[in-house]
Amino acid sequence: MSLMVRESTFYKNFFRLTLLIGLQNVITIGVNLSDNLILGGYSESALSGAALANQIQFFVSMLVMGVSEAVVILGSRFWGANQLHSIKKISSVGMALALALSFSIWIVVYFFPTNCLSLLTNEQSIIVEGARYLKIISFSYVFFAITNILLASLRSMEIVKIGFIVSLSTLVINICLNYLLVYGHFGFSSMGIRGSAIGTLIARIIETMIVILYIKKAKLRLRIKFSDYLQLDMTMLKQYIKIGSPILLANFIWAAAMAVQTAILGHMGEASIAANSVATTIFQLVTVVIYASASATTVLIGKAVGEGVLDRVKAYSKTLQILYVLIGIVTGLILFITKDHVLSFYAISAESKTLALQFMTILSITVCGTAYQMPALTGIVRSGGDTKFVMYNDFIFMFFLVLPLSYMSAFVFNFSPIITFIFLKSDQILKCIVAVFKVNRYKWIRVFDHQA
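Taking UniProt numbering, I'd label the letters of the sequence shown as residues 1 to 452.
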C-alpha cells in the first residue's frame, strides 16, 4: 500500500476543512487573546484574574467539545450512510447533554466564584479580580454550548464556512466592546475586568443568534427545526452513550488535569500565572492548524467508515500521519521565530516576560509531538470507533506521570517554574510512541450498526 493517497479529492477536502476550521479556531482563540492583550495593558492582576477565570471556561469548553466531538463522529457516519434523519436525532441528544453540563457548571461558578478560583491560586488580588470577571462570563456557558452543538451538527455534513463567519463576528464584537468598556472610551464608564467579561458575554449571545438564523434561512439538506430539540430518541441516546461517554470522560480528565496544572503553576507566584497565560494563549493561536487537522480527520475518517470503504480508511490514516508530522515541524518553527515579537505587545513584568519566553521555547519543541499524537489519537482512532483508548491513555499519562512529577518538582524538590513546565508538557512527546503503534495496527476500526 502506497504511503500517500493519490485521490485529489482527499487532499482538497482535508485542506479545505482544516483551513476553514483552523480559521474558526484562530478567531475563537483571538477572543481570549484580545482579552489578554487589552487586560494586559490595563493591569497584570486583571490579566491573571481573567486567565484563571478562563481556566474554568476551558473546563466548560472541553466538556462541550467532548459532547460535540461525539456528535461529529456519529453524524459524519450518518452523513456517509446518507441518513439525515439520524443526524437530527444525534444533534438533539448532544444538545440536551451540553445544556445540562453547561447549566450545572454555571450554577456552581456563579454562586461560588471565589471558592472556585481559590482552587487555582492563593494570590488574593488575583482571586478578587477573577471573581468579578467570572460572575459575568459564567452566563456565556449556555450560549457557548448551544452554538457548538449546532456547529458540530453542520460540521458532520462538511458545512464549515458558517463556523468561520460566526467566530469572526464574535471577535470583532468582542474587541470593540472590550475597547469601549475596559478603558471607558466614547463616553462609556471604565469598567476594567468587568467590562471585558460583559463584552465577551454579549459576543457569545450574538454568535448563537447568528447560527440559529443561518440554520433557519439557509437552504440546507438537513432541515433542523426547534421542535427537533424537544424530542429525545432513546435508541440514539444509548448509541451516543456507548460512543460518546468515553470521549466526554476523556475530555473531563484532560480538563481536570489542565486545571491541576494551572493550580501547580498558580501556587508558584503571580509571574508564573501571567507567563503561563501569555505562553498558552500564543501557543493555542499558533497550533490551531493542529487541532483543525484533528477535526477534519474526524469528518473524513468517520464518513469513510459510514460508507463502508475500510481500505480507504487505512490508506487515509497512513497519509494523514505524514501530514501531521509536516504540520508539527512548521508550527514549531513559527512559534520559536515569533515568540519574541509577540511578547512585545504585553505590559507584564520582566520576570513574567522571561518566564513566558522560556515556556514558549519548550512549547516550540513539544508542539511537534502534539501535532502528531493528538490528531492521530483523537482524530483517527476516535473517529474509527475506538473511543475508549484515548480516555485510558490520557488518564495513565496525566495521573501516573505528568501530574505526580510536576507536583514533586514544584512542591517537594522546589525546582524552578521552567523545570516544572517541562514535566507538565512531557507527555506530548511520549504519547507519540503510543500513537505510532496504535494507529498502524488498525484495530481501532469499529463498524457498528448506524441504523436509528
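The beta carbon of each residue, even a glycine, is placed where N, CA and C say it ideally should be.
Cα-Cα separation between residue i and residue j, rounded to whole angstroms
i	j	result
H450	R77	Bear in mind that the predicted position of H450 carries a pLDDT of just 49, short of 50, making it unreliable; the figure below should be weighed with that in mind. Spanning the two alpha carbons is a distance of roughly 8 Å.
Q24	I87	22 Å
A452	S245	Model confidence at A452 stands at a pLDDT of 45, short of 50, so the residue's coordinates are unreliable; what they give is reported in the following sentence. Near 18 Å, if we compare the C-alpha coordinates of S245 and A452.
Y324	T9	18 Å
S272	A315	44 Å
F252	S352	30 Å
G269	S406	15 Å
V367	T287	8 Å
V447	I362	40 Å
N13	T338	30 Å
residue 454	M360	What the structure shows of the chain is the stretch from 1 to 452, and residue 454 is not part of that stretch, so it cannot be assessed.
G130	L52	7 Å
V60	R6	40 Å
R229	I146	This sequence places Tyr at residue 229; Arg is not what is there. Rounded to the nearest angstrom, the two C-alpha atoms are 11 Å apart.
M391	L20	28 Å
F423	H185	44 Å
A296	N148	16 Å
V26	D233	35 Å
Y214	H85	19 Å
I433	I193	43 Å
I206	A255	26 Å
M1	T28	Since pLDDT at M1 reaches only 48, below the 50 mark, its modelled position is unreliable, and no value is offered.
S227	I90	14 Å
L177	I327	35 Å
T331	R204	29 Å
L403	D386	26 Å
residue 461	F336	The displayed coordinates of the chain run from 1 to 452. Any statement about residue 461 would go beyond what the structure contains.
P417	L355	8 Å
V309	I380	15 Å
I202	V182	14 Å
For residue i, the nearest candidate out of the options (CA to CA)
i	options	result
L17	R6, L120, K89, L154	L154
R132	A145, F103, S196, F144	S196
V299	F111, I159, I193, G332	I159
I210	L168, Y110, L249, T378	L168
N82	F111, S406, A304	A304
L63	A250, Y346, L424	A250
A70	S104, L97, I127	L97
A376	S426, F144, A435, T319	A435
S349	F15, S48, N440, T387	S48
F144	I105, L20, C116	I105
L320	N440, I433, T235	N440
residue 508	C176, G302, V109	Nothing in the structure corresponds to residue 508, since the chain is present only between 1 and 452.
G94	D427, L151, I126	L151
N393	Y110, Q373, L237, A410	Q373
L117	S364, V381, K242, G266	G266
V172	T200, Y183, M157, V182	T200
E307	L343, I290, G384	G384
I334	F345, Q284, R312, V72	Q284
K242	V67, S364, I365	V67
V142	A100, I329, E123, I162	A100
Backbone secondary structure at residue i - three-state DSSP
i	result
I301	helix
K12	helix
Y183	helix
Y346	coil
L320	helix
V313	helix
M268	coil
I224	coil
L19	helix
F397	helix
G192	coil
Q83	coil
A218	coil
V211	helix
G49	helix
T287	coil
A452	Legend: pLDDT at A452 = 45, less than 50; position of this residue unreliable, no value from coordinates given.
R204	helix
Q24	helix
R77	helix
L177	helix
L63	helix
L326	helix
Per DSSP, the bridge partner or partners of residue i
i	result
residue 454	Since the first residue shown for the chain is 1 and the last is 452, residue 454 is missing from the structure and cannot be characterised.
Any non-hydrogen atom of the ligand MG closer than 7 Å to residue i Cβ
i	result
L101	No copy of the ligand MG occurs in the structure displayed, which carries no ligand at all.
Quiz item: Where are the alpha helix (DSSP H) runs, 4 residues long or more, that stay fully inside the region 404-445, in chain order?
Solution: Runs of the alpha helix (DSSP H) spanning 4 or more residues and lying entirely within the region 404-445 occur at 417-425, 427-439, in chain order.
Quiz prompt | 4 or more residues per run - each alpha helix (DSSP H) lying fully within the region 129-173 | solution = You should have 140-155.
Self-check item: Whole runs of the alpha helix (DSSP H) within the region 88-136, excluding any shorter than 4 residues
Solution: Listed in chain order, the alpha helix (DSSP H) elements of length 4 or more contained wholly in the region 88-136 are 113-118.
Quiz item: Which whole runs of the beta strand (DSSP E) in the region 331-377 are 3 residues long or more, in chain order?
Solution: Runs of the beta strand (DSSP E) inside the region 331-377: none found.
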